[in-house]
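Undergrad: The sequence shown: position 237 = 239 (the numbering used here), numbered continuously. Glycine is no exception: its CB is placed at the ideal position from the N, C-alpha and C atoms. Encoded as structure tokens, here's the structure I'll be asking about.
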Amino acid sequence: MNKTENRAVIDRVAEMYERHPYPPVDEDIQAYASGEAWLLESPNPNFHLYWPHDDVTQDLDILIAGCGTQQAAQIAASMPQARIVGTDISDNSLAETKRLSDQIDAQNITLNKCAIEEITTLKQDFDLVICTGVLHHLENPDVGLAALKTVLRPNGAMHLMLYGQHGRTGVYMLQALFQTMQIDPLKVTHSDIHKIRDLVENIPASHPFHGVRHLHPDWQDDEGLVDFLLHLQDRAYSLDEVDEFLTSADLKLQMLLFAGRTDPMFTPLENISPATFKKLPDIQQRSAVELYRASVKKHTFIACHASKDRSRYEIDLSLKAWDTTIPILSYGLAVERPNTDRKTFRITWPVHGEPDIHVETTEAGMKFLETFDGKRTLSAAYAFAGFKKSDMALKRQLASFVERCARADFITFRSLTSSG
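Spelled out as structure tokens, the structure:
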């Protein structure tokens with residue numbers, strides 16, 4: 003595709019978002035300024051996901067590429083000392099972002115009408131590049147990712163989200179249906195949208211989308227339905243394809259978020275052919291779990307330059323590192339107490355939507371977990387819980403418990419050397 007053809011596609015997508023702005027605007031921008039609301043991708047409060055060994059700072063240059071109607075304003079509100087650049091191809095989206103920013107008189111945000119493929123025209127580089135739900139809508143995602151990589155600083159990080167292939171099987175069947183019916187998102191009316199929604203609500207029970215409708219709430223909103231089922235271009239990735247996508251841009255996976263959803267630990271797959279399965283690379287094991295679950299609708303992850311040293315972002319969970327490792331609990335964990343059928347505590351994270359991603363533990367494990375306040379190291383938490391320093395058997399048991407919780411996304415970590 004030449005530049006003229008690509009520009010024509012960009013213009014059509016921009017027009018779609020002019021007619022159907024997305025996502026719906028959260029008008030409570032003050033909640034982001036006060037800290038009552040936050041975004042997963044924001045370094046406030048999730049600085050440690052990007053730079054777990056560094057001192058917490060807002061002295062950051064952040065690019066939100068394809069910022070939509072509100073994302074850049076929300077991050078600017080939550081990080082008033084950071085420098086935020088938001089880009090989008092939709093005038094409507096940029097206008098909404100400016101309107102929200104003006105409500106809190108944000109002085110730290112700059113907005114530019116710019117396609118991701120043309121991001122180098124900004125002539126800036128960034129500590130953090132955020133691009134969620136956009137790359138998979140480009141005519142050539144590889145070109146877009148390569149452009150983003152050129153503006154990422156050596157110790158920088160990217161927060162990316164791409165659609166998951168297997169969790170959207172039913173979605174793509176519906177997209178194909180509406181394409182066959184020649185329903186044009188640039189011409190569709192609200193009356194048409196309501197008829198489409200009625201069809202989806204009454205879809206046959208045998209259709210692959212029927213059983214996963216609750217995982218895809220966007221179709222219940224008019225603008226969301228257009229973005230979800232009528233988009234002009236849309237592709238998805240399996241995890242091994244994500245890995246190839248990053249490698250092609252000389253990037254690598256720094257951290258997979260919601261990793262428990264693709265961890266074989268929480269499936270029976272390892273038991274079927276252990277010798278063969280365990281020899282597979284981690285990314286292929288996770289791709290196998292995708293095929294098993296068939297519910298992973300998106301991949302959210304942090305990427306970095308392929309040359310970035312692993313010691314800059316990896317955390318040591320061994321007992322020898324307990325003095326410098328601080329556990330941070332994920333928000334909204336649920337705990338079921340022991341009962342007549344189960345003698346252990348069961349921890350889950352409703353965010354997953356997967357009840358089989360759970361960790362069983364003893365009263366000692368719960369007592370340990372309850373001491374995690376985001377400030378204590380693992381060693382300090384162990385002492386605060388009143389456990390004997392000399393009880394190495396208990397320490398090893400709790401170390402195993404912490405590792406399982408980490409694999410289930412119940413805990414993330416930062417180093418004692420980082421403040422905040």
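How close, in whole Å, do the beta carbons of His-192 and Lys-299 come, if the pair is a contact with beta carbons under 8 Å?
TA: The count along the sequence shown starts at 1 and reaches residue 192 at position 190. The count along the sequence shown starts at 1 and reaches residue 299 at position 297. So it is not a contact: roughly 26 Å between Cβ atoms.
Undergrad: Would you list the residues sitting across from Pro-329 in a DSSP beta bridge?
TA: Locating residue 329 in the sequence shown gives position 327, counting from the first residue. Looking at the DSSP assignment, Pro-329 forms a beta bridge with Phe-415.
Undergrad: So, with DSSP's three-state summary, where would you put Glu-405?
TA: Counting from one through the sequence shown, the residue named residue 405 turns up at place 403. DSSP places Glu-405 in helix when its eight states are reduced to three.
Undergrad: What is the C-beta distance between Ile-330 and Arg-416, in whole angstroms, given that I count them as a contact (C-beta under 8 Å)?
TA: Residue 330 sits at position 328 when you count from the first residue of the sequence shown. Residue 416 sits at position 414 when you count from the first residue of the sequence shown. About 7 Å separates the two Cβ atoms, so the contact holds.
Undergrad: Using 8 Å as the Cβ pair cut-off and three pairs as the minimum, do the region 97-107 and the region 29-42 touch?
TA: These segments touch.
Undergrad: Would the C-beta of Asp-90 count as close to the ligand SAM, meaning under 7 Å from any of its heavy atoms?
TA: Summarising the ligand content, the structure contains no ligands, and the ligand SAM is consequently not present.
Undergrad: Please report the distance separating the alpha-carbon of Asp-63 from that of Pro-187.
TA: As a first step, residue 63 is located in the sequence shown; it is residue number 61 there, counting from the start. As a first step, residue 187 is located in the sequence shown; it is residue number 185 there, counting from the start. One C-alpha to the other measures close to 35 Å.
Undergrad: Run the CB neighbour count on Met-183, radius 10 Å, all protein chains shown included, and call it buried at 16 or more, exposed below.
TA: Sequence index remark: in the sequence shown, residue 183 carries index 181 (1-based). Exposed, by the Cβ-count rule.
Undergrad: Take Lys-377 as the anchor and find which of Gln-287, Met-394 and Thr-326 has the nearest alpha-carbon.
TA: Here residue 377 is taken as the residue at index 375 of the sequence shown, counted from 1. Per the Cα distances, Thr-326.
Undergrad: By Cβ distance, which residues of its chain are closer than 7 Å to Leu-258, with the 5 residues on each side in sequence left out?
TA: On the sequence shown, residue 258 is found 256 positions in, with the first residue counted as 1. Only Phe-303 meet the Cβ criterion.
Undergrad: What does a CB cutoff of less than 7 Å around Ala-2 pick up in its chain, not counting 5 residues either side in sequence?
TA: Given a span of 3 to 422 for the chain in the structure shown, any question on residue 2 remains unanswerable.
Undergrad: Mapping the DSSP letters down to three states, classify Asn-94 as helix, strand or coil.
TA: Here the question's residue 94 lines up with position 92 in the sequence shown. Here Asn-94 sits in helix by DSSP.
Undergrad: Assuming contact is defined by CB atoms lying nearer than 8 Å, are Thr-2 and Pro-340 in contact in what I supplied?
TA: Any question about residue 2 goes unanswered here, given that the chain covers just 3 to 422.
Undergrad: Quick test of your reading: Thr-122 and Ala-149, contact by CB under 8 Å. State the CB separation rounded to the nearest angstrom.
TA: Translated into the one-based positions of the sequence shown, residue 122 becomes position 120. Translated into the one-based positions of the sequence shown, residue 149 becomes position 147. The pair is a contact, with the Cβ atoms about 6 Å apart (cut-off 8 Å).
Undergrad: By Cβ distance, which residues of its chain are closer than 7 Å to Thr-379, with the 5 residues on each side in sequence left out?
TA: As a working mapping, residue 379 is identified with position 377 in the sequence shown. Same-chain partners within the cutoff: Trp-324, Asp-325, Thr-326, Thr-327, Ile-328 and Leu-418.
Undergrad: Count the other C-beta atoms from every protein chain shown that fall within 10 angstroms of the C-beta of Asp-393, then say buried if there are 16 or more, exposed otherwise.
TA: On the sequence shown, residue 393 is found 391 positions in, with the first residue counted as 1. Its Cβ having fewer than 16 others within 10 Å, Asp-393 is exposed.
Undergrad: Is it buried or exposed for Arg-263, if we count other Cβ within 10 angstroms and need 16 for buried?
TA: What you label residue 263 is simply residue 261 of the sequence shown in a count that begins at 1. Classification of Arg-263: buried, given that the 10 Å Cβ count is 16 or more.
Undergrad: Leaving aside the five residues before and after Asn-39 along the sequence, list all residues of the same chain whose C-beta is less than 6 Å from its C-beta, in chain order.
TA: As a working mapping, residue 39 is identified with position 37 in the sequence shown. It is Ala, not Asn, that sits at residue 39 in the sequence shown. Correct list, in chain order: Ala-33.
Undergrad: Going by DSSP, what residue range makes up the alpha helix (DSSP H) through His-196?
TA: As a working note, residue 196 is residue 194 in the sequence shown. Element bounds for His-196: 192-203.
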